[in-house]
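Undergrad: The structure's right below; bear with me while I get my questions together.
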Amino acid sequence: MTRRQFGRGLARSAAALAIGTSLLQTSRVVQAGTVSGVSAASIGPLGPADENGVRLPAGFTSRIVARSGLPVGLSDYKWHVFPDGGATFPTHDGGWIYVSNCEAPLVGGTGAIRFGPNGRIIDAYRILDNTQLNCAGGPTPWGTWLSCEEHPSGYVWECDPYGRKAAVKRPALGKFEHEAVAVDPVNGHLYLTEDDGEGCLYRYVPERLTLRGNPDLRRGELQVAVVDANGYVSWVALQDPTPRVHLGATPTRYQVEGATVFKGGEGIWYHQGLIYFTTKGDNRVWELNTDTQKLQVIYDKATSENPVLSGVDNVTVSEQGSVLVAEDGGDMQIVVLTPEGEVVPLMQIEGQDESEITGPAFSPDGTRLYFSSQRGEFRDRISNGLGLTYEITGPFSQIL
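Numbering of the sequence shown is given in the numbering used here, commencing with residue 4 and proceeding in unit increments.
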């Protein structure tokens with residue numbers, strides 16, 4: 004980092020603190036008014052840990068569907084270490100596919116598990132190779148998976164969950180420490196988070212649509228968010244979306260004077276005109292209205308009356324609109340934000356305090372929830388990293 008970049012970083016950090024403080028003044032009202040579909044009473048207390056070490060509400064069960072280093076089901080594919088971000092995709096036979104990134108250096112990539120209509124594992128395979136530190140990402144409405152590399156020269160890769168086509172690098176989405184991406188299908192925009200303590204929030208506006216009406220990810224404008232004191236976002240185009248930082252070029256987060264700092268951007272998800280994303284540096288969950296471009300804080304551990312959610316990370320939203328946040332460390336929970344402003348654990352893994360929960364994603368029919376414990380139970384330096392991927396089954400539609 005140059006001296007000029009360092010100075011910009013100090014100024015931007017101060018501005019971010021001021022903006023964050025002003026947004027927090029309305030966060031309690033937002034918690035009560037914008038997240039819909041669930042109450043603490045409907046979820047109920049978590050029971051004791053089951054045989055898989057998972058605590059669940061009444062009526063729910065768990066199973067382990069994959070273990071790092073071991074073949075998945077009857078397939079030849081050995082599940083990857085450090086399983087991270089994930090999503091599901093429907094198949095023509097009524098089943099579905101769960102994809103999972105590998106957040107390992109040098110050998111990252113993405114794996115996939117195919118399930119039949121009854122939930123039986125049919126196959127497992129790779130859909131992305133020759134990348135590294137693939138953290139989270141995001142599904143697209145046209146049925147592909149966007150896998151994000153989390154390092155200074157990281158790219159987004161568009162992958163075929165069905166394993167028929169080779170993955171494609173998408174430089175137009177920028178070159179930085181990518182964490183996750185969400186697609187706004189109404190406006191054709193993509194929103195991207197950056198996992199850096201001085202990171203930014205980005206938006207991609209395509210130059211045109213494809214013949215099928217989807218955003219063209221080959222050409223477009225990458226923009227960075229500038230948030231005013233009232234929480235309204237304006238977007239400024241980057242001059243160099245793919246800087247050669249290894250040669251001293253200015254990273255994307257320092258290219259626009261006044262770009263708002265989001266301290267460690269993590270998961271991001273689109274649902275019915277709203278973008279939800281998390282920042283781990285200040286343990287906040289944010290909501291952006293894509294029509295009005297108004298940004299709000301819907302959870303802040305520092306001000307919450309019941310701060311049971313910490314280490315905010317991956318996020319997903321149920322079909323009914325309930326916001327689920329996975330913890331990186333913390334108490335190893337997936338937590339739901341209720342309409343009343345409550346923060347309610349949906350599940351918890353015991354005995355894996357050195358790990359983190361990653362990749363929460365509902366099956367297409369909403370009856371199953373998938374996620375991973377990235378490093379599993381810590382035993383020694385050799386076994387650490389042998390992650391576990393879980394499936395929870397239960398009456399989600401009745402409580403979420």
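We treat Cβ as the ideally placed atom computed from N, Cα and C, and that holds for glycine. As the structure is a computational prediction, the values presented were derived from the model and not from experiment.
Here's the rule I'm using: 16 or more other beta-carbon atoms within 10 Å means buried, otherwise exposed. How should A262 be labelled?
TA: Start at 1 with the first residue of the sequence shown, and residue 262 comes out as number 259. Counting Cβ neighbours within 10 Å, A262 comes out buried, since at least 16 surround it.
Undergrad: Taking the C-alpha atoms as reference points, what is the distance between D285 and V264?
TA: Translated into positions along the sequence shown, residue 285 becomes position 282. Translated into positions along the sequence shown, residue 264 becomes position 261. Approximately 11 angstroms, taken between the alpha carbons.
Undergrad: Taking DSSP's pairing of strands, which residues face K266 in a bridge?
TA: As a working note, residue 266 is residue 263 in the sequence shown. Per DSSP, none; premise fails for K266.
Undergrad: Count the other CB atoms, across all protein chains shown, that sit within 10 Å of the CB of Q34; report buried if there are 16 or more and exposed otherwise.
TA: As a first step, residue 34 must be located in the sequence shown, where it is residue number 31. For Q34, the pLDDT reaches just 42, beneath the cut-off of 50, and the residue's location in the model is therefore unreliable, although a value from the coordinates is still provided. The residue in question, Q34, is buried, as its Cβ has 16 or more Cβ neighbours within 10 Å.
Undergrad: Alpha carbon to alpha carbon, how far is L195 from K178? Give it in angstroms, no decimals.
TA: Residue 178 sits at position 175 when you count from the first residue of the sequence shown. Residue 195 sits at position 192 when you count from the first residue of the sequence shown. For K178 and L195, the distance between alpha carbons rounds to 11 angstroms.
Undergrad: Within 10 angstroms of the Cβ of Y273, are there 16 or more other Cβ atoms? Answer buried if so, exposed if not.
TA: In the sequence shown, residue 273 corresponds to position 270, counting from 1. Y273 is buried by the Cβ-count criterion.
Undergrad: What does H274 pair with, by DSSP beta-bridge criteria?
TA: By one-based count along the sequence shown, residue 274 stands at place 271. Partner(s): L277.
Undergrad: Go through its chain and collect everything with a Cβ distance to N133's Cβ below 8 angstroms, but skip five positions before and after it.
TA: For this step, residue 133 is matched to residue 130 along the sequence shown. The residues are G112.
Undergrad: Under 8 angstroms by Cβ, that's how I've got G122 and R371 pegged, so tell me the actual separation to the nearest angstrom.
TA: In the sequence shown, residue 122 corresponds to position 119, counting from 1. In the sequence shown, residue 371 corresponds to position 368, counting from 1. About 7 angstroms separates the two Cβ atoms, so the contact holds.
Undergrad: Could you give the DSSP three-state label for F85: helix, strand or coil?
TA: For the purposes of this step, residue 85 is identified with residue 82 of the sequence shown, where counting begins at 1. Coil at F85, not helix or strand.
Undergrad: On the DSSP bridge assignment, give the partners of I124 in chain order.
TA: Position 121 of the sequence shown, counting from 1, holds the residue named residue 124. Paired residues: F118.
Undergrad: Looking at chain D, is there any beta carbon in it that lies within less than 8 angstroms of the beta carbon of E269?
TA: Going by chain labels, chain D is absent from the structure shown, which holds only one protein chain.
Undergrad: Grouping DSSP H, G and I as helix and E and B as strand, with all else coil, what is F63?
TA: By one-based count along the sequence shown, residue 63 stands at place 60. Of the three classes helix, strand and coil, the one that applies to F63 here is coil, per DSSP.
Undergrad: With H, G and I counted as helix, E and B as strand and the rest as coil, what does DSSP make of T336?
TA: As a first step, residue 336 is located in the sequence shown; it is residue number 333 there, counting from the start. The question names Thr, yet the displayed sequence has Gln at residue 336. The answer is strand: DSSP assigns Q336 an E or B state.
Undergrad: Would you grab the beta carbon distance between E153 and L136 for me? Rounded to a whole angstrom, and I think it's under 8 angstroms.
TA: For the purposes of this step, residue 153 is taken as residue 150 along the sequence shown, with counting starting at 1. For the purposes of this step, residue 136 is taken as residue 133 along the sequence shown, with counting starting at 1. With a Cβ gap of about 5 angstroms, E153 and L136 count as contacting.
Undergrad: Can you tell me whether D96 is buried or exposed, with buried defined as 16 or more other CB within 10 angstroms of its CB?
TA: On the sequence shown, position 93 is the one that residue 96 refers to. With fewer than 16 other Cβ atoms within 10 Å, it is exposed.
Undergrad: Does the beta-carbon distance from L204 to A228 come in below 8 angstroms?
TA: Residue mapping note: residue 204 aligns to position 201 of the sequence shown, counting from 1. Residue mapping note: residue 228 aligns to position 225 of the sequence shown, counting from 1. Going by C-beta atoms, L204 is nearer than 8 angstroms to A228.
Undergrad: So, at 6 angstroms on beta carbons, what are the nonlocal neighbours of A107 in its own chain, with the 5 sequence-adjacent residues on each side left out?
TA: Taking the first residue of the sequence shown as position 1, residue 107 is located at position 104. Result list for A107: V84, F85, in chain order.
Undergrad: Applying the criterion that 16 or more other CB atoms from any shown protein chain within 10 Å of the CB defines a buried residue, is H181 buried or exposed?
TA: For the purposes of this step, residue 181 is taken as the residue at position 178 of the sequence shown. Under this definition H181 is a buried residue.
Undergrad: In angstroms, rounded to a whole number, what distance separates the CA positions of Y207 and E322?
TA: Start at 1 with the first residue of the sequence shown, and residue 207 comes out as number 204. Start at 1 with the first residue of the sequence shown, and residue 322 comes out as number 319. Whole-angstrom Cα-Cα distance: 25 angstroms.
Undergrad: With respect to the beta strand (DSSP E) encompassing F374, which residues constitute its N-terminal and C-terminal limits?
TA: For the purposes of this step, residue 374 is taken as residue 371 along the sequence shown, with counting starting at 1. Here the beta strand (DSSP E) through F374 covers 371 to 376.
Undergrad: Does the beta-carbon distance from R256 to E345 come in below 8 angstroms?
TA: For the purposes of this step, residue 256 is taken as the residue at position 253 of the sequence shown. For the purposes of this step, residue 345 is taken as the residue at position 342 of the sequence shown. For R256 and E345, no; Cβs fall outside 8 angstroms.
Undergrad: With distances taken from CA atoms, which of P209, L327, P74, I100 is nearest P188?
TA: Residue numbering aside, residue 188 sits at position 185 when the sequence shown is read from its first letter. For the residues P209, L327, P74, I100, the minimum Cα distance to P188 belongs to P209.
Undergrad: Check whether the stretch 231 to 248 and the stretch 308 to 317 touch, using three or more Cβ-Cβ pairs below 8 angstroms as the test.
TA: These segments do not touch.
Undergrad: Residue range of the beta strand (DSSP E) that S150 falls in?
TA: The count along the sequence shown starts at 1 and reaches residue 150 at position 147. That run of the beta strand (DSSP E) goes 148 to 152.
Undergrad: List the residues that DSSP assigns as beta-bridge partners of I100.
TA: For the purposes of this step, residue 100 is identified with residue 97 of the sequence shown, where counting begins at 1. Paired residue(s): F92, R117.
Undergrad: Whose CA, out of L176, Y393, G114, lies closest to the CA of P218?
TA: By one-based count along the sequence shown, residue 218 stands at place 215. It is L176 whose Cα lies nearest to the Cα of P218.
Undergrad: Would DSSP call S321 helix, strand or coil?
TA: One-based indexing of the sequence shown puts residue 321 at position 318. Coil.
Undergrad: So, under 8 angstroms CB-CB, P367 and L327 are touching, yes? Tell me the CB distance rounded to an integer number of Å.
TA: For this step, residue 367 is matched to residue 364 along the sequence shown. For this step, residue 327 is matched to residue 324 along the sequence shown. In fact, because the Cβ distance is near 16 angstroms, the residues do not count as touching under 8 angstroms.
Undergrad: Only counting runs of 3 or more residues, tell me where the beta strand (DSSP E) segments fall wholly within the stretch 150 to 197, in order along the chain.
TA: If we require 3 residues or more, the beta strand (DSSP E) runs fully inside the stretch 150 to 197 come out as 159 to 162, 181 to 187, 192 to 197.
Undergrad: Assign V32 to buried or exposed, taking buried as 16 or more other Cβ atoms, counted over all protein chains shown, within 10 Å of its Cβ.
TA: Mapped onto the sequence shown, residue 32 falls at position 29. At V32 the pLDDT is 36, less than 50, meaning the model places this residue with poor confidence and gives no usable figure here.
Undergrad: In three-state terms, what does DSSP make of T392?
TA: Taking the first residue of the sequence shown as position 1, residue 392 is located at position 389. If DSSP states are grouped into helix, strand and coil, T392 belongs with the strands.
Undergrad: Got a sec, what are the start and stop residues for the beta strand (DSSP E) S307 sits in?
TA: One-based indexing of the sequence shown puts residue 307 at position 304. Per DSSP, S307 belongs to no beta strand (DSSP E) and is neither H nor E.
Undergrad: Who pairs with L327 in a beta bridge, going by DSSP?
TA: Along the sequence shown, read from residue 1 onward, the residue named residue 327 stands at position 324. Beta-bridge pairing links L327 to T319, V339.
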